[in-house]
Each structure stands twice: as C-alpha cells, then as structure tokens.
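Report on the following structure.
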Amino acid sequence: MAKTEITSAGYQSLRDYIENGTGPGWEYVELRDENGNVWERLSVTDGRVEWTHTGGANPLVLEITLSGDDPEMDLPETFKEVALYEVETGGDAMADGTITETTLEQPTDQIIIRAEIEVPEVTE
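Sequential numbering of the sequence shown, starting at 14, is according to our numbering.
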C-alpha cells in the first residue's frame with residue numbers, strides 16, 4: 014500500500030463538501046442546552062443560518078441568528094452546544110463544540126451563535 018497525503022486541492026474539496034458540496038454536505042446544525050438536550054436541528058438553508066467566511070478561508074464559519082420571538086422558542090431557552098450533521102435526524106455529529114452559555118428570556122432578545130470549523134490545510 015502506498016502512503017498518500019491529502020493535497021491542498023483535496024483539503025479545498027473537503028471544505029467545499031462541508032459547506033454545500035457533492036453528496037449531502039454538512040447541511041444541519043443542532044443546538045443544545047446546558048444539559049445537552051436538543052433544542053432544534055436547523056437546515057443551513059434556514060434563513061437564520063448562514064456561512065459567513067470568504068471563499069478558501071479557514072476556519073469555516075457558520076452563524077446562527079436566533080430571536081426570542083422565533084416560532085420554536087419556549088422562553089426562556091438556554092444554548093450551550095452546537096453540532097453539525099449530514100442528516101436531518103439521527104446520524105453522527107460531524108463536528109461539535111460548546112459556546113458561552115446564553116439564554117433568550119424575552120421575545121425581543123437576539124443571539125448570534127458562531128460555529129467555527131478548522132479544516133487542516135496544506136501549504137505548498
């Protein structure tokens with residue numbers, strides 16, 4: 014067997030896949046409370062979810078903007094964890110992490126949650 018290394022083109026392909034690429038991509042972001050309980054899993058096509066980094070950037074940045082008056086809210090809602098998935102329900106998280114715990118208490122409250130995904134890159 015030949016030992017192979019991923020090239021810079023290969024890493025770019027991986028970044029493209031994560032965002033929206035060939036196959037399912039990492040199309041869902043799950044938000045959880047301080048106990049790991051799932052609040053919702055949103056599609057990256059949801060108007061509150063947006064990739065905000067520039068092309069070729071590292072890390073990849075996904076922003077989720079939530080308001081206290083969003084229809085799914087049952088105030089107060091606390092957020093502590095974020096995870097990305099390929100599928101709408103079930104499956105394994107492709108990336109996950111914690112955020113600074115924050116709580117929406119009023120319908121006028123708003124938060125922006127940023128998920129930064131570091132994808133290794135090769136410089137040639």
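Every residue gets a Cβ at the ideal spot worked out from N, C-alpha and C, and that includes glycine.
- Message: Here's a check: name, in chain order, each residue in its chain whose Cβ is nearer than 7 Å to the Cβ of Gly47, leaving out the five neighbours to either side.
- Response: Correcting the residue type first, residue 47 is Glu in the shown sequence and not Gly. Excluding residues within five positions, the ones whose Cβ falls inside 7 Å are Thr91, Lys93 and Glu114.
- Could you check the C-alpha separation between Tyr30 and Val95 for me, to the nearest Å? 19 Å
- Message: Relative to the C-alpha of Leu55, which candidate in Glu131, Thr78, Val74 and Ser21 has its C-alpha closest?
- Response: Thr78
- Return the chain-ordered list of same chain residues with a C-beta closer than 6 Å to the C-beta of Met14, the five sequence neighbours on each side being excluded. Its pLDDT being 41, under 50, Met14 is placed unreliably by the model, and the measurement read from it follows with that caveat. Closer than 6 Å at the Cβ level, and outside the excluded window around Met14, lies no residue.
- Nearest-angstrom Cα separation, counted from His66 out to Gln25: 14 Å
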